[in-house]
Every structure is written in structure tokens, then in C-alpha cells.
Amino acid sequence: MKKLLLATASVALMSGAASAEDIKIGVLLAFTGPLESMAPAMAAGAELAIKEVSDSGKLLGGSTVTPVRGDTGCTDAAAATAAANRLISSDGVKGIVGGQCSGETTATLQNVGIPNGMVMFSPSATSPALSTVEDNGLFFRAAPSDARQGVVMTEIMMEKGIKEAAVTYTNNDYGKGLADSFQQAFEAAGGKVTISAAHEDGKADYSAEVGALAAAGGQALVLAGYVDQGGSGILRGSIDSGAFDTFVFPDGMVNAALEANFGPEVTGSFGQIPASEGAGKDKFVELATAAGFDGTSVYSAESYDAAALILLAMAAANTTDPQVYKDKIMDLANAPGEPILPGELGKALELVAAGTDIDYQGASGIELIGPGESAGVFKQIEFKDGKMETVGYR
């Protein structure tokens, strides 16, 4: 099937080269809100791939590619929907890298992406509910579902002898989905969740929430929240009150801000986040450094891959029509084919034009499974002497 699809693309290219145009790609991320500290590097990752393709002059008859940013606010579905609408109706984008947070991604996909036949490729939305959305083949994500993260988190905790834990989660699709996935996996492995309680973001005082968690007790507190919002608020209250001394950090908390704001206070705590290792990630970090941003930043590699696969799919389909090129994305992202790493997008465009199989591995070692989401690799982190250190991958 892969060879047939690429051969079809090759015939299309030979039958008449696409005329050059300025292709606009939306970068729809949470530049404000509870995960705003992650968005700049994520945007830089996507825009690095966009620039690489544009500078190559090898996409659709020498077309240029221009990124257009939109702000979702992370937790504001109405603002996210409005931003997505503007990208499509006013800016005329042909694909969207985003959203960033699960709730706003669900809203923009259902209210804007699907009705407008627009491809959306999220670097970071992880809610298990997104796996079952009837998306007409338009939605993809470079990060694995939290159904997988719940299992990984359970494995780590069990290895550390933690059999009882309290859970707090941000009261939205991301937090609830992750908390439920974790509890299911943890209890199946013989663990006990003493309490699983929602918290609201944006509060000045979390003493009531911390009190309820402390009363339930546990060997550790799982913080399925946001590092720029309530997750850190509850963490601060727990540390100051002595409610817990071991914390488990899922992806929404694993960020440089956690180290900067808590450092030595969370020594001995640990967590996990989707991330890769290997030649692709190393090359991406090198390219990112040259471009002036930190390529180790959370989900920046996945953002590069999301943008790259959208553009390579356009080349394979010989069109910028999302309802046509969407059918090429899964094929390009998986074996068999010649491996493609960051910095090789011009080469990839040449191979696609020649009808040669490629296996886009990119910056995150991406492999897409049905329905259009990443199989996923997780980086395990621990706090040692106040520093967040990588201790392995799984």
C-alpha cells in the first residue's frame, strides 16, 4: 500500500508540477494560560520545520511556507475556537499544528477542524477521549495518549515501592482523563488510590484541597495538573504544610519552571513525560540551539514533527488540500522506507517526488498508530540535589 501511494504521488507530480504559492500553516498553541511557559519552544520547533521546508524550495513547485500563530489560552474553549476560525477564514491556513491542551484541542477539532475539513496535528494533547473522536481522518497527534502514561506512571511507582497514593487533577479533559487512566492502571497492579480529587486553576489559596488530600494520605501525591497554575499551587501548599514529601509529576508538570520554582524542595520526587532519545533528538537539539531555542524543551520536538509531516504529506499528495493530503500522513510516518531525521526535510521532499518510500522518524522518533496517534516513548525524570535529571526511557 505504501509503495502504491507514493507511486501515485509520483505520477501526479510528473503529470504537472504544482504552481508555486505561499502556503500558510497555523501554529495554534497556548501562548497564554496555565501552560504558557511551554508554548514558545513548541512554536519554535514547528517554525523550524516550516522554515527548513520553505528554504529548500522543493515543496510544490518552489512554494514558500509561512507560519501564522494563534493563541488558544489552553483552558478557554471559546477563545481557542475563535483563534482556529481566524486561522482558517482570515489567514487561509492549509494545516494546523495544534492545539496544545486536550480540552481546547477537542473543542477546536469538533467546532472548527472537522466542519472545515482542516488537518490538525497536535504535538501535546494527550486525553484518551481524543482517540475516539469521529474526526474523518483529519486529526493526528505526536504525543501518546494518557492511557499509556497511566500505565508508565504505575510501573515507575510500583518499582519504587509506592502502593498507596493520593491524586489531584486539574478539572478538565486532560486532568480527568489522566487521573482515571492512572487509577485504572494503578489499581489493576495492586495499588490503592486514597483519594482522586479535582482542583480548579487560578485560585490564590489551595489550603482546603491540600487538607483533603492530606487527610486521605498516601505514600505520594500524584499531581495531574499544570506547572503554571493549580498544580504548582497545590505543590506549594503540600510542601509548606508537610502534607506530603514525595510527589509524582505527569507531563503537565514536567517543565523547567518546576525546577526553577521548587528545586531542592522536591528532591526525591519523580515523573515522566513523552520524549525520545537517539540520533533524531540529538540532531534536533543541535538545530534548535543554532536557531536560538532549547530543543530539550517539552514537546518542541513533537511540534517539529507535526509541522514536518503536514508539509511532507502535501508533497506526497501534490496538493495543499487537507482533505486529500491527510491520507498520506500515516504512510509517511511509518516504516518501511528511508529514515528521515531533522535537517533532512529537503532530502525527504526529493525522495517523495521520486516515488521513493520514506520512514519519517523526525525529532521524536514518531511512529503513528491508529487512530493517527503516536505509539510513544516516555522519559523518566527524578529530582536529585534540586536538579531535574533524566534517568531513563520506557
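Here our numbering = 1-based position in the sequence shown + 3. All residues carry an ideal CB built from backbone N, CA and C; glycine is no exception. For clarity, every value in this text was computed on a predicted model and none was experimentally measured.
Check	Outcome
Using a Cβ-Cβ cutoff of less than 6 Å, which residues in the same chain neighbour residue 174 once the five nearest sequence positions on both sides are dropped?	201 and 203
May I have the straight-line CA-CA distance separating residue 298 from residue 285, to the nearest angstrom?	9 Å
Does the beta-carbon of residue 267 have 16 or more other beta-carbons within 10 angstroms, so that it is buried, or is it exposed?	exposed
With DSSP as the reference, label residue 13 as helix, strand or coil.	Bear in mind that the predicted position of residue 13 carries a pLDDT of just 41, short of 50, making it too unreliable to give a figure here.
Could you pull the start and end residues of the beta strand (DSSP E) that residue 230 belongs to?	First-last for residue 230: undefined, no H or E at that position.
Tell me whether residue 179 is buried or exposed, calling it buried when 16 or more other Cβ atoms sit within 10 Å of its Cβ.	buried
Helix, strand or coil for residue 277 per DSSP?	strand
Pick out whichever of 281, 277, 319 and 326 has its Cα sitting closest to the Cα of residue 303.	277
Do residue 150 and residue 184 have their C-beta atoms closer together than 8 Å?	yes
Could you check whether residue 311 and residue 356 sit closer than 8 Å to each other, using their CB atoms as the reference points?	no
Please determine if the region 138 to 146 and the region 365 to 376 are in contact, where contact requires at least 3 C-beta pairs separated by less than 8 Å.	yes
Please classify residue 118 as buried or exposed, where buried requires at least 16 neighbouring CB atoms within 10 angstroms.	exposed
Just reading off the beta strand (DSSP E) that residue 91 is part of, what are its end residues?	Here residue 91 belongs to no beta strand (DSSP E); instead the alpha helix (DSSP H) covers 80 to 92.
Whole angstroms is fine: what's the gap from residue 325's alpha carbon to residue 177's?	27 Å
Given 8 Å as the limit, is there contact between the region 22 to 32 and the region 64 to 84, that is, 3 or more CB pairs closer than that?	yes
Helix or strand or just coil, what does DSSP make of residue 303?	helix
Candidates 66, 321, 96 and 105: which alpha carbon is nearest residue 228's?	105
Only counting the same chain, and skipping five residues up and downstream in sequence, which positions put a Cβ closer than 7 Å to that of residue 385?	273, 392 and 394
Go to residue 395, then tell me how far its beta strand (DSSP E) extends in each direction, as first and last residue.	390 to 396
Could you please give the first and the last residue of the uninterrupted alpha helix (DSSP H) stretch that includes residue 348?	348 to 356
Considering only the alpha carbon of each residue, which of 323, 222, 39 and 252 lies closest to residue 99?	323
Out of curiosity, what's the CA-to-CA distance linking residue 350 and residue 255?	35 Å
Who are the Cβ neighbours of residue 34 in its own chain at under 6 Å, not counting the five residues just before and after it?	42 and 74
Based on Cα-Cα distance, which residue from 253, 289, 295 and 95 lies nearest to residue 275?	253
Return the CA-CA distance between residue 84 and residue 163, expressed in angstroms with no decimal places.	42 Å
Whose CA, out of 114, 61 and 40, lies closest to the CA of residue 354?	61
Is it buried or exposed, residue 412, if we count other Cβ atoms within 10 angstroms and call 16 or more buried?	As shown, the chain starts at 4 and ends at 397. That puts residue 412 outside it, with no answer to give.
Using the three-state DSSP reduction, which class does residue 51 fall into: helix, strand or coil?	helix
What residues are listed by DSSP as bridge partners for residue 123?	99 and 142
Let me confirm a value: residue 234 is counted as buried when at least 16 other C-beta atoms fall within 10 Å, else exposed. Which label applies?	buried
Return the CA-CA distance between residue 341 and residue 292, expressed in angstroms with no decimal places.	26 Å
May I have the straight-line CA-CA distance separating residue 383 from residue 271, to the nearest angstrom?	13 Å
For the 8 Å Cβ check, are there 3 or more pairs between the region 216 to 223 and the region 232 to 247?	yes
Under DSSP, the beta strand (DSSP E) around residue 252 begins and ends at which residues?	250 to 252
Assign residue 200 to one of three DSSP states: helix, strand, or coil.	strand
As a quick exercise: from 320, 308, 210 and 288, pick the residue whose alpha carbon is nearest that of residue 363.	308
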